[in-house]
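Participant: Quick note on numbering: the sequence shown equals residues 5 to 222 in the working numbering. Where a beta carbon is used, it is the ideal one built from N, C-alpha and C, also for glycine.
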Amino acid sequence: MAENDSTSQARTKARRGLLPPELIDVVVPSIKVGGLTGAAGVFTGITAGIIRDASPALFGIASGIQWFTLGSTFWLSRTVAIKALGGEAVIDKTDRTKASALAGGTAGAVGGLIRGPRNILPGFIIFSLAGGIGQLFTNGVVNAPANPNSKSILQSKWSPLKKLTDDEYRHLMDEKLLRIDTEIALIDDKIAELRASHQEAGNEPLPPPVDDASPKAA
């Protein structure tokens, strides 16, 4: 009986996976972010290698590893800090700024460790400032209130286009219809003059114009 219970527990753990879901929710997004930053680092390293007339492959690999480390470490540290502060749905802008600054400092310290122990402290300071300032900018953009008095481009006096109201649009359409009716009346008068001159010349009268809207005989 005990052997069966242990076997079923082992199967349950195998179905659930080797890592707990909480750890997967933290690690997998960090690896994805690191992959994106690493790809950008590879491209940057190859470009730098070509410019410096060095080995593009070595530059690309080295830069890709560094950027992957920075991106994944930053996102992992930020996610852990946000969870420690209460979660994404609970924390405010100040807590997000603290989490981003701490994550930036951690990523900078790890990146500095790769370059050498002397770069740990400068990397921590610089990336902490970068993470905090970047989060402050993001907070300002995301949470900026919409200004109801702001004018669109069409409402600007320098714009060649103008946004019409419903009344202005109806008035414009009425003017166009009136212009079309006037042109049709002028065409009818011209046709009547041509018919009169044709009859005065002794020719047979012209057939009446065909109305396309009239029903055709079967």
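Quick one: Cα of Glu-172 to Cα of Ile-195, how far?
Facilitator: Within the sequence shown, numbered from 1, the residue matching residue 172 stands at position 168. Within the sequence shown, numbered from 1, the residue matching residue 195 stands at position 191. Looking at the two C-alpha atoms, the distance is approximately 35 Å.
Participant: Using 10 angstroms around the beta-carbon of Gly-108, count the other beta-carbons present and answer buried if the total reaches 16, otherwise exposed.
Facilitator: Locating residue 108 in the sequence shown gives position 104, where the first residue counts as 1. Classification of Gly-108: buried, given that the 10 Å Cβ count is 16 or more.
Participant: Can you tell me which of Arg-174, Ala-113 and Arg-100 puts its alpha carbon nearest to the alpha carbon of Gln-139?
Facilitator: Taking the sequence shown and counting its residues from 1, the one referred to as residue 139 is at position 135. Ranking the options by Cα distance to Gln-139, first place goes to Arg-100.
Participant: Going by beta carbon distance, what residues of the same chain come within less than 6 Å of Ile-128, once the five residues before and after it are set aside?
Facilitator: Here residue 128 is taken as the residue at index 124 of the sequence shown, counted from 1. Per the sequence shown, residue 128 should be read as Phe rather than Ile. So the list reads Gly-109, Gly-112 and Ala-113, once near-sequence residues are dropped.
Participant: Could you name the residues of the same chain whose beta carbon sits closer than 7 Å to that of Trp-71, not counting the 5 residues immediately before and after it, in chain order?
Facilitator: Position 67 of the sequence shown holds residue 71. The residues are Thr-41, Gly-42, Ala-44 and Gly-45.
Participant: Closer than 8 Å is the cut-off here; do at least three beta carbon pairs connect the stretch 72 to 80 with the stretch 25 to 42?
Facilitator: yes
Participant: Just the C-alpha distance for Ile-65 and Gly-49, rounded to the nearest angstrom, thanks.
Facilitator: Residue 65 sits at position 61 when you count from the first residue of the sequence shown. Residue 49 sits at position 45 when you count from the first residue of the sequence shown. Distance between the alpha carbons of Ile-65 and Gly-49 is about 7 Å.
Participant: Return the chain-ordered list of same chain residues with a C-beta closer than 6 Å to the C-beta of Ile-124, the five sequence neighbours on each side being excluded.
Facilitator: By one-based count along the sequence shown, residue 124 stands at place 120. Closer than 6 Å at Cβ, skipping near neighbours: Ala-113, Gly-116 and Leu-117.
Participant: Run through DSSP, which three-state label would Lys-24 get?
Facilitator: In the sequence shown, the residue the question calls residue 24 occupies position 20. The question names Lys, yet the displayed sequence has Pro at residue 24. It is coil, neither helix nor strand.
Participant: Give the DSSP-derived three-state secondary structure of Thr-77 in the structure shown.
Facilitator: By 1-based counting over the sequence shown, the position of residue 77 is 73. If DSSP states are grouped into helix, strand and coil, Thr-77 belongs with the helices.
Participant: Could you give the distance in angstroms between the alpha-carbon of Ala-18 and the alpha-carbon of Leu-27?
Facilitator: Numbered from 1 along the sequence shown, position 14 holds the residue referred to as residue 18. Numbered from 1 along the sequence shown, position 23 holds the residue referred to as residue 27. Bear in mind that the predicted position of Ala-18 carries a pLDDT of just 48, short of 50, making it unreliable; the figure below should be weighed with that in mind. Going by the C-alpha atoms only, they are around 16 Å apart.
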